Structure formats: C-alpha cells, structure tokens
C-alpha cells in the first residue's frame, strides 16, 4: 500500500506536470480574455508590419520583448501581447515598459497590425500604470519601430488623429 501524498505537495506537482501546467495556463489566458477584455481603441493600431505573426514575435523577442504578458487587459481581436522592461532614471516613474499588441484577423495575409505604447511598469508603479498616467502611443511605436529596424521588416505607419 502506498502512502497518500500530502496535499501541500499538490501545487508543486501540478506546476511540474507539463499537461497540468499547460491546462492551467490555457484556463488563465481564457479567463483573461473573458473577464479582463475591453474594446480595442480605434487609434491603437499605429503601424502595420509586412510579415507573419510568428516572425514578428521572434524579431521582437530578439529585441528583449517577452510574449504572453498576462498583467494587461485583453483587447478584442488581439493575437499576441508582448512586453519589454527598461529603466529611465530621470523619470518620475523610472521603471518603464514597452507594451506591444499584435492583430492579424483584420489585415491581409502577411500583414500584422501593431499597437504599441510605453508606460510605467505594471510591476513596480502599479497605481500610475493602472491609471495610464504615463501612457504614450507615439513613443511606444517609435521604440517598437526602432527595435525592428535590424530585421528587414517592411513597416508603415497608420494615420491617427494625433499624428
């Protein structure tokens, strides 16, 4: 007869089990899309990249972006969500992040809509982050475009009211 496993070991065992971990992650991401979703602002797509989503995610990863950023609202229609952290010592909120969302369904095959902004870090400056006190679309697109410069991706800016 085997000794029952203490219940305190259960969370660690679940995390170590690939199937259970993937199930929990999928459940979390589905919950995020269901309960933490909002309409995409009309002006949010500031750039279109001429490449496939997988390549764009890889290019951004090579520039320090991490996919599957879970501490954000899910925008309707978003297909990928990435973040990159950086430090700006002279800023009121020095821990910063570039936040990029990718959209493919409303674009022709081989094109990806890119929404990007900079803001206070969600991990360090929670209040200013939630209240979007340092939210900047233009700087976000500029920094994202600069990050993609070395990857031979054709990029075009879209027209917005504040351009």
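Residue numbers (the numbering used here): 17 to 179.
Ideal Cβ positions, reconstructed from N, Cα and C, are used throughout, including at glycine.
This one's a predicted model, so the numbers in the text were calculated from it and none came from an experiment.
So, at 6 Å on beta carbons, what are the nonlocal neighbours of residue i in its own chain, with the 5 sequence-adjacent residues on each side left out?
i, result
"residue 159", "114"
"residue 76", "98"
"residue 102", "112"
"residue 167", "75"
"residue 120", "69, 95 and 128"
Could you spell out the range, first to last residue, of the beta strand (DSSP E) harbouring residue i?
i, result
"residue 129", "128-136"
"residue 64", "61-66"
"residue 139", "Premise fails: residue 139 is in no beta strand (DSSP E) and is neither H nor E."
"residue 170", "170-173"
Which residue marks the beginning of the alpha helix (DSSP H) containing residue i, and which one marks its end?
i, result
"residue 78", "69-78"
"residue 161", "153-164"
Whole-angstrom Cβ separation of residue i and residue j, contact assumed at under 8 Å?
i, j, result
"residue 171", "residue 164", "6 Å"
"residue 95", "residue 118", "5 Å"
Apart from the five residues just before and just after residue i, which ones in its own chain have a Cβ nearer than 8 Å to its Cβ?
i, result
"residue 148", "135"
"residue 82", "98, 99 and 100"
"residue 137", "101, 109, 111, 112, 113 and 145"
Can you tell me which residues form a DSSP beta bridge with residue i?
i, result
"residue 82", "99"
"residue 121", "Partner(s): none; residue 121 has no beta bridge."
"residue 115", "99 and 133"
Keeping to the same chain, check which residues put their C-beta closer than 7 Å to that of residue i; ignore five residues upstream and five downstream.
i, result
"residue 122", "93 and 129"
"residue 150", "109, 135, 136 and 144"
May I ask you to verify whether the segment 155-172 touches the segment 117-136, counting CB pairs closer than 8 Å and requiring at least 3? yes
Does the segment 119-130 come into contact with the segment 64-81, if we say contact requires no fewer than three beta-carbon pairs (one atom in each stretch) closer than 8 Å? yes
Contact between the segment 100-109 and the segment 136-149 is defined here as three or more beta-carbon pairs at a separation below 8 Å; is this criterion met? yes
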